[in-house]
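Engineer:
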Amino acid sequence: MAASFRVSVWFVVFFLLSCLSLFCSADDRITIGEILKDGDNITSKEGNFVLGFFSPTGSSKRYLGIWYAHVTVQTVVWVANRHKPVPDKNGTFSIDQIGNLVVKNGHGDSLWLSNVTVATKNSTACLLDNGNLVILNNDKNAARLNTELWQSFLHPTDTFLPGMRVFVERQSKEHKVFSSWTNESDPSPGRYSLGVDPRGAPQIVIWDGSDRRWRSGHFDGVEFTGVPNVTRSTLFSGFKINNEDGKSFFTYTASDTSLFVRFQIDVTGIELQQRWDEDKEQWSTLQSMPSGVCDLYNFCGNFAECHEQVCLCVEGFVPRVEEQWHAGNRTGGCIRRTELECRKSSSVPRNDNAKDDGFLAVHKVKLPDYADIIADAQNTDTCRTKCLNNCSCNAYAFVKGINCMIWTEDLVDIEQFEEGGNTLYVRLDPSEFGKNNRTIVIIIVSVLVALALVVMAAVWLVCRYRARKRESKRINEIPKNHLVRSGEFSADLSGPGDLNAEGHQGNGSELAFFSFSMVATATDDFCLANKLGQGGFGPVYKGRLPCGQEVAVKRLSQRSGQGDEEFKNEITLIAKLQHRNLVRLLGCCIEGEEKILLYEYMPNKSLDTFLFDPARKSQLDWRKRFSIIEGIARGLLYLHRDSRLRIIHRDLKASNILLDEEMNPKISDFGMARIFGGNQNEANTNRVVGTYGYMAPEYAMEGLFSGKSDVYSFGILLLEIISGRRNTSFRSDEHSGIIGYAWEKWDEGRPMDLVDRSIWDGCQHDEALRCIHLAMLCVQDLAVHRPNMSSVVLMLETDNMRLPLPRQPTYTSMRRSVDADMWHGNQDLPSSNNVTISVLIGR
Numbered sequence: 001m002a003a004s005f006r007v008s009v010w011f012v013v014f015f016l017l018s019c020l021s022l023f024c025s026a027d028d029r030i031t032i033g034e035i036l037k038d039g040d041n042i043t044s045k046e047g048n049f050v051l052g053f054f055s056p057t058g059s060s061k062r063y064l065g066i067w068y069a070h071v072t073v074q075t076v077v078w079v080a081n082r083h084k085p086v087p088d089k090n091g092t093f094s095i096d097q098i099g100n101l102v103v104k105n106g107h108g109d110s111l112w113l114s115n116v117t118v119a120t121k122n123s124t125a126c127l128l129d130n131g132n133l134v135i136l137n138n139d140k141n142a143a144r145l146n147t148e149l150w151q152s153f154l155h156p157t158d159t160f161l162p163g164m165r166v167f168v169e170r171q172s173k174e175h176k177v178f179s180s181w182t183n184e185s186d187p188s189p190g191r192y193s194l195g196v197d198p199r200g201a202p203q204i205v206i207w208d209g210s211d212r213r214w215r216s217g218h219f220d221g222v223e224f225t226g227v228p229n230v231t232r233s234t235l236f237s238g239f240k241i242n243n244e245d246g247k248s249f250f251t252y253t254a255s256d257t258s259l260f261v262r263f264q265i266d267v268t269g270i271e272l273q274q275r276w277d278e279d280k281e282q283w284s285t286l287q288s289m290p291s292g293v294c295d296l297y298n299f300c301g302n303f304a305e306c307h308e309q310v311c312l313c314v315e316g317f318v319p320r321v322e323e324q325w326h327a328g329n330r331t332g333g334c335i336r337r338t339e340l341e342c343r344k345s346s347s348v349p350r351n352d353n354a355k356d357d358g359f360l361a362v363h364k365v366k367l368p369d370y371a372d373i374i375a376d377a378q379n380t381d382t383c384r385t386k387c388l389n390n391c392s393c394n395a396y397a398f399v400k401g402i403n404c405m406i407w408t409e410d411l412v413d414i415e416q417f418e419e420g421g422n423t424l425y426v427r428l429d430p431s432e433f434g435k436n437n438r439t440i441v442i443i444i445v446s447v448l449v450a451l452a453l454v455v456m457a458a459v460w461l462v463c464r465y466r467a468r469k470r471e472s473k474r475i476n477e478i479p480k481n482h483l484v485r486s487g488e489f490s491a492d493l494s495g496p497g498d499l500n501a502e503g504h505q506g507n508g509s510e511l512a513f514f515s516f517s518m519v520a521t522a523t524d525d526f527c528l529a530n531k532l533g534q535g536g537f538g539p540v541y542k543g544r545l546p547c548g549q550e551v552a553v554k555r556l557s558q559r560s561g562q563g564d565e566e567f568k569n570e571i572t573l574i575a576k577l578q579h580r581n582l583v584r585l586l587g588c589c590i591e592g593e594e595k596i597l598l599y600e601y602m603p604n605k606s607l608d609t610f611l612f613d614p615a616r617k618s619q620l621d622w623r624k625r626f627s628i629i630e631g632i633a634r635g636l637l638y639l640h641r642d643s644r645l646r647i648i649h650r651d652l653k654a655s656n657i658l659l660d661e662e663m664n665p666k667i668s669d670f671g672m673a674r675i676f677g678g679n680q681n682e683a684n685t686n687r688v689v690g691t692y693g694y695m696a697p698e699y700a701m702e703g704l705f706s707g708k709s710d711v712y713s714f715g716i717l718l719l720e721i722i723s724g725r726r727n728t729s730f731r732s733d734e735h736s737g738i739i740g741y742a743w744e745k746w747d748e749g750r751p752m753d754l755v756d757r758s759i760w761d762g763c764q765h766d767e768a769l770r771c772i773h774l775a776m777l778c779v780q781d782l783a784v785h786r787p788n789m790s791s792v793v794l795m796l797e798t799d800n801m802r803l804p805l806p807r808q809p810t811y812t813s814m815r816r817s818v819d820a821d822m823w824h825g826n827q828d829l830p831s832s833n834n835v836t837i838s839v840l841i842g843r
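Start counting the sequence shown at 1; every next residue gets the next number (UniProt numbering).
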């Protein structure tokens, strides 16, 4: 009997050990009573993952984390004490007496606790081969032996791994699951988070703080509808929604389970899918989102769609603020051109014979956000009827796997795809469809009239072609090193003198004069393929002169807000200016209505093409940005003090800073500039020109400008370069622009929050802080409080110079009495002139 009992006991013990071995082995677990020190690690059963203490790049602080065991580049996928690091290598981790995994410092203070759901005196922490750290209940009296009391997969940091469950909380609006690191050296929660919005059909969302940054579109059971087809096949294939115990959750299964695959929300707010490349020993990025400006949330505003970085109102809608829209500010979005029929007379009962609103089909789009599912609409026709009977409904869509979706709020975050997407049916007033028919009739009539004019135009075109061909032949016979010189144009920018386009020798800097036919030949007849961009002046094309030199050709648009005066300005000023940080004018062309300038070609285009592009801004690291800041400052100093003519630019902004092949900055676009006399410090004008957001208060409201006006614009530009964001992107209920935001951070003692996160790691904090301080001095309300450019350059290039404290911006444009605490030295003094603005021009 005793022998039988002993056999039974050994059988039970063997069974329990066998069960435990299914979860972990001796090297991948820690039990109650064990204390592991910094340097002691546990490794998963198959050797995929390691748990232990580590220090991030550039930091000596220690964190308990999980990383890949066989990946040569240490890649951390989970961090325990991300809020409270261990300051040295005296940290420990262990299981306490109630079953919690605990991280302590060298003094025994608890820095992190797992908070198990059920207390137990017999538990084991085990690291599984999928990267999940679990705490198992080994109490023999437990209802279920080896049940999981806690697991790291339910408390992730910034990384999603195959095997994780992301729950879709149907009762909540948003579920933020993952949060980025603050920076590469600090794993504490950063500004970006990633999670699920369950409204309608669930979708993945990236948040920047509380604001949406990107969303995947709705999940139809197979794929996310808001991601292009080419991306779905790599980035999001493998996702599935499961249901268990009444709960829904996302899982992901890699197509090849032998490869290490991970999703991460990185410090710049980008969701990355990466796969470890064993041959190259590096992480290969399969896809990243957002990948362009159209992916950024609601980039074009409400009721507008984004396609290849171009914003268009949905048909039947018009810009809310026409001037802002055409100026490039799309934040206002669009509004209906004609109100819906049902909303015109909402107080009157609907007549069954009344004409119904119609629906416009918009194909291949990312469906708008904030959709509601109509469960009892099982086909497209029923869905249409449900929307039509709801006067609040703005659009509907019927998607396989989701069924009927309607939108009762504004249509936001619509993106047009080349392939894929879904069809959105947008509700419009019946009259909008009649307009389309009238448009077709007008087009037909116009085509017939055009055909009638073709015969008359044919003879003229043939003659024109032959003349151009003879001219081209003559140009090719000109020696390549020969350029016809013209005299300098009038330097009196305020006078009424006409442009002098004759070929005589002037008394100043010489300027090459080109015929229109030569310019046309150089640009392939202004071919669209050679178009570099479009400014307030007009289009800019890339060209090649007969000598082989590449040039940028700036052609005055007939519809441009600038005319002969600005053209005269640009020729007169740039011809006299010679500085490495100013763009060089090579020549001009004046024939009939054509007014053209030829510049040296800048292969990297303008600063804004890098600075405000999420995909390219990281190419401008801190060293390049600081070099650009210094170059702009030296260029302005030359204009204000060292050039033959003292010049105020009046339109300094990122798009007017060109970058050469070595990323050296060159100030361009002198169409708005003005010349000062030798003893003149300030002037007034009744024609205010420039770009809103960069104008100094005294100039925008009173027409008074001086060198301090350019200093103010330089301060705005400096803040944009540091933050990597446009001035207008900071507008909100709390801030009127970048100045308000910058002052708030300055006043809170957190000015470094302004620094672009994409360059944080390589940023020289002392230089960045000095630049922020200098920017705050440059954007002070009163011109007399701002430094001049000679002081700005000195402050930039002197490390130990003590800078004065800036005054809080008041956002008032009216002048007030200045106190005795002013800038001293060679400063521009304010005028007492009061000017009424008769013309206000913005670009």
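By construction, the Cβ of each residue, glycine as well, lies at the ideal position given by its N, Cα and C atoms. These numbers were taken from a predicted model, which means no experiment stands behind them.
Sort Thr285, Ile30, Gln74, Asn329 by Cα distance to Asp96 and report the nearest one.
Structural biologist: Within the sequence shown, numbered from 1, the residue matching residue 96 stands at position 96. Per the C-alpha coordinates, the member of Thr285, Ile30, Gln74, Asn329 positioned closest to Asp96 is Ile30.
Engineer: Taking only the alpha-carbon atoms, compute the straight-line gap between Thr523 and Gly538 and give it to the nearest angstrom.
Structural biologist: What you label residue 523 is simply residue 523 of the sequence shown in a count that begins at 1. What you label residue 538 is simply residue 538 of the sequence shown in a count that begins at 1. Cα-Cα distance, rounded: 15 Å.
Engineer: For Gln780, write down the residues that DSSP places opposite it in a beta bridge.
Structural biologist: Numbered from 1 along the sequence shown, position 780 holds the residue referred to as residue 780. BP columns for Gln780 are empty, so no partner.
Engineer: Are the Cβ atoms of Asp109 and Lys45 separated by less than 8 Å?
Structural biologist: The residue given as residue 109 occupies position 109 in the sequence shown. The residue given as residue 45 occupies position 45 in the sequence shown. Judged by their CB atoms, Asp109 and Lys45 are not nearer to each other than the 8 Å cut-off.
Engineer: With a floor of 3 residues, list each beta strand (DSSP E) that falls wholly inside the stretch 647–731, ordered by position along the chain.
Structural biologist: 657–659, 665–667, 674–676, 682–684, 704–706
Engineer: By Cβ distance, which residues of its chain are closer than 7 Å to Asn329, with the 5 residues on each side in sequence left out?
Structural biologist: By 1-based counting over the sequence shown, the position of residue 329 is 329. Closer than 7 Å at Cβ, skipping near neighbours: Thr728.
Engineer: Count the other CB atoms, across all protein chains shown, that sit within 10 Å of the CB of Asp376; report buried if there are 16 or more and exposed otherwise.
Structural biologist: On the sequence shown, position 376 is the one that residue 376 refers to. Burial call: exposed.
Engineer: Taking the alpha carbon of Val412 as the reference point, which residue from Arg213, Val267, Phe250 has its own alpha carbon closest?
Structural biologist: Counted from its first residue, the sequence shown places residue 412 at position 412. For Val412, the nearest C-alpha among the options comes from Arg213.
Engineer: Could you check whether Met602 and Leu659 sit closer than 8 Å to each other, using their CB atoms as the reference points?
Structural biologist: By 1-based counting over the sequence shown, the position of residue 659 is 659. By 1-based counting over the sequence shown, the position of residue 602 is 602. Yes, the Cβ-Cβ distance between Leu659 and Met602 is below 8 Å.
Engineer: Cβ atoms of His649 and Leu637: under 8 Å apart, would you say?
Structural biologist: The count along the sequence shown starts at 1 and reaches residue 637 at position 637. The count along the sequence shown starts at 1 and reaches residue 649 at position 649. In this structure, Leu637 keeps its C-beta atom at 8 Å or more from the C-beta atom of His649.
Engineer: Classify Ser114: buried if its beta carbon has 16 or more other beta carbons within 10 angstroms, exposed otherwise.
Structural biologist: Indexing the sequence shown from 1 puts residue 114 at position 114. It counts as buried.
Engineer: What residue range is occupied by the uninterrupted alpha helix (DSSP H) comprising Phe626?
Structural biologist: By one-based count along the sequence shown, residue 626 stands at place 626. Phe626 -> alpha helix (DSSP H) spans 622–637.
Engineer: Using a C-beta cutoff of 8 Å, does Lys240 count as contacting chain B?
Structural biologist: Annotation note: the requested chain B is absent from the structure, which comprises a single protein chain.
Engineer: Can you give me the Cβ contacts of Tyr541 inside the same chain, cut-off strictly under 6 Å, excluding the 5 residues immediately before and after it?
Structural biologist: Position 541 of the sequence shown, counting from 1, holds the residue named residue 541. Once the five neighbours on either side are set aside, the close Cβ partners of Tyr541 are Thr523, Phe526, Asn530, Lys531, Val553.
Engineer: To the nearest angstrom, report how far apart Ile66 and Trp78 are at their CA atoms.
Structural biologist: Working through the sequence shown from its first residue, we reach residue 66 at position 66. Working through the sequence shown from its first residue, we reach residue 78 at position 78. Cα to Cα, Ile66 sits roughly 5 Å from Trp78.
Engineer: Identify which residue in Trp276, Phe250, Lys708 has its Cα closest to the Cα of Asp256.
Structural biologist: Position 256 of the sequence shown, counting from 1, holds the residue named residue 256. Closest option to Asp256, Cα to Cα, is Trp276.
Engineer: By how many angstroms is the C-alpha of Leu286 removed from the C-alpha of Phe730?
Structural biologist: Translated into positions along the sequence shown, residue 730 becomes position 730. Translated into positions along the sequence shown, residue 286 becomes position 286. Each residue's Cα considered, the two are about 32 Å apart.
Engineer: Return yes when the Cβ of Val134 is within less than 8 Å of the Cβ of Asp190, no when it is not.
Structural biologist: Start at 1 with the first residue of the sequence shown, and residue 190 comes out as number 190. Start at 1 with the first residue of the sequence shown, and residue 134 comes out as number 134. The sequence shown places Gly at residue 190, not Asp. Their beta carbons are not under 8 Å apart, which means Gly190 does not touch Val134 by this criterion.
Engineer: Counting along the chain, where does the beta strand (DSSP E) carrying Gln287 start and finish?
Structural biologist: Reading the sequence shown from its first residue, position 287 is the one you call residue 287. Taken as a continuous stretch (DSSP letters only), the beta strand (DSSP E) holding Gln287 covers 282–289.
Engineer: List the residues that DSSP assigns as beta-bridge partners of Ala361.
Structural biologist: On the sequence shown, position 361 is the one that residue 361 refers to. Tyr425.
Engineer: Can you find at least 3 beta carbon pairs, one from the stretch 27–43 and one from the stretch 85–92, that sit closer than 8 Å?
Structural biologist: yes
Engineer: Rounded to a whole number of angstroms, what is the C-alpha to C-alpha distance between Cys126 and Leu136?
Structural biologist: The residue given as residue 126 occupies position 126 in the sequence shown. The residue given as residue 136 occupies position 136 in the sequence shown. Approximately 8 Å, taken between the alpha carbons.
Engineer: To which residues does DSSP link Gly195 through a beta bridge?
Structural biologist: The count along the sequence shown starts at 1 and reaches residue 195 at position 195. Per DSSP, Lys176, Val205.
Engineer: Within the continuous alpha helix (DSSP H) that includes Val792, where are the two ends?
Structural biologist: Along the sequence shown, one-based indexing puts residue 792 at 792. Residues 789–797.
Engineer: At 4 residues or longer, and completely inside the stretch 587–612: list those alpha helix (DSSP H) runs for me, N to C.
Structural biologist: 607–611
Engineer: For Asp357 versus Arg427, is the C-beta distance shorter than 8 Å?
Structural biologist: Taking the sequence shown and counting its residues from 1, the one referred to as residue 357 is at position 357. Taking the sequence shown and counting its residues from 1, the one referred to as residue 427 is at position 427. Contact flag set, yes.
Engineer: Below 8 Å on the Cβ atoms is my contact criterion, and I expect Asp220 with Ile402 to pass it. Report the Cβ-Cβ distance as a whole number of Å.
Structural biologist: On the sequence shown, position 220 is the one that residue 220 refers to. On the sequence shown, position 402 is the one that residue 402 refers to. Going by Cβ atoms, the distance from Asp220 to Ile402 rounds to 5 Å, so yes, they are a contact pair.
Engineer: Going by alpha carbons, who is nearest to His218 out of Val205, Asp211, Ile571, Phe705?
Structural biologist: In the sequence shown, the residue the question calls residue 218 occupies position 218. If we check each option's Cα against that of His218, Val205 comes out closest.
Engineer: Given that a residue counts as buried once 16 or more other Cβ atoms are within 10 Å of its Cβ, and exposed if not, what is Ala80?
Structural biologist: Working through the sequence shown from its first residue, we reach residue 80 at position 80. Looking at its Cβ environment, which holds 16 or more other Cβ atoms inside 10 Å, Ala80 is buried.
Engineer: Buried or exposed: Glu720, going by 16 or more other Cβ atoms within 10 Å of its Cβ?
Structural biologist: Here residue 720 refers to the residue found at position 720 when the sequence shown is read from its first residue. Answer is buried; the Cβ neighbour count reaches 16.
Engineer: Short of 6 Å in beta carbon distance, which residues of its chain neighbour Glu415, apart from the five on each side in sequence? Order them along the chain.
Structural biologist: Within the sequence shown, residue 415 is the residue found at index 415, counting from 1. Only Cys294, Cys306, Lys366 meet the Cβ criterion.
Engineer: Taking a contact to mean a Cβ-Cβ separation below 8 Å, would you say Ser193 touches Trp181 in this structure?
Structural biologist: By 1-based counting over the sequence shown, the position of residue 193 is 193. By 1-based counting over the sequence shown, the position of residue 181 is 181. No. Outside cutoff.
Engineer: Below 6 Å CB to CB, which residues in the same chain sit around Phe417 once its five sequence neighbours on both sides are set aside?
Structural biologist: Against the sequence shown, residue 417 aligns to sequence position 417. Excluding residues within five positions, the ones whose Cβ falls inside 6 Å are Pro228, Lys364.
Engineer: Pair every Cβ in the stretch 772–782 with every Cβ in the stretch 703–718, then say whether three or more of these pairs are closer than 8 Å.
Structural biologist: By the criterion of at least three beta-carbon pairs nearer than 8 Å, the stretch 772–782 is in contact with the stretch 703–718.
Engineer: Taking the C-alpha atoms as reference points, what is the distance between Asn302 and Arg336?
Structural biologist: As a first step, residue 302 must be located in the sequence shown, where it is residue number 302. As a first step, residue 336 must be located in the sequence shown, where it is residue number 336. If I take the Cα positions, the gap works out to 11 Å.
Engineer: Per DSSP, which one or two residues make a beta bridge with Glu801?
Structural biologist: Indexing the sequence shown from 1 puts residue 801 at position 801. The identity of residue 801 in the sequence shown is Met, whereas the question assumes Glu. BP columns for Met801 are empty, so no partner.
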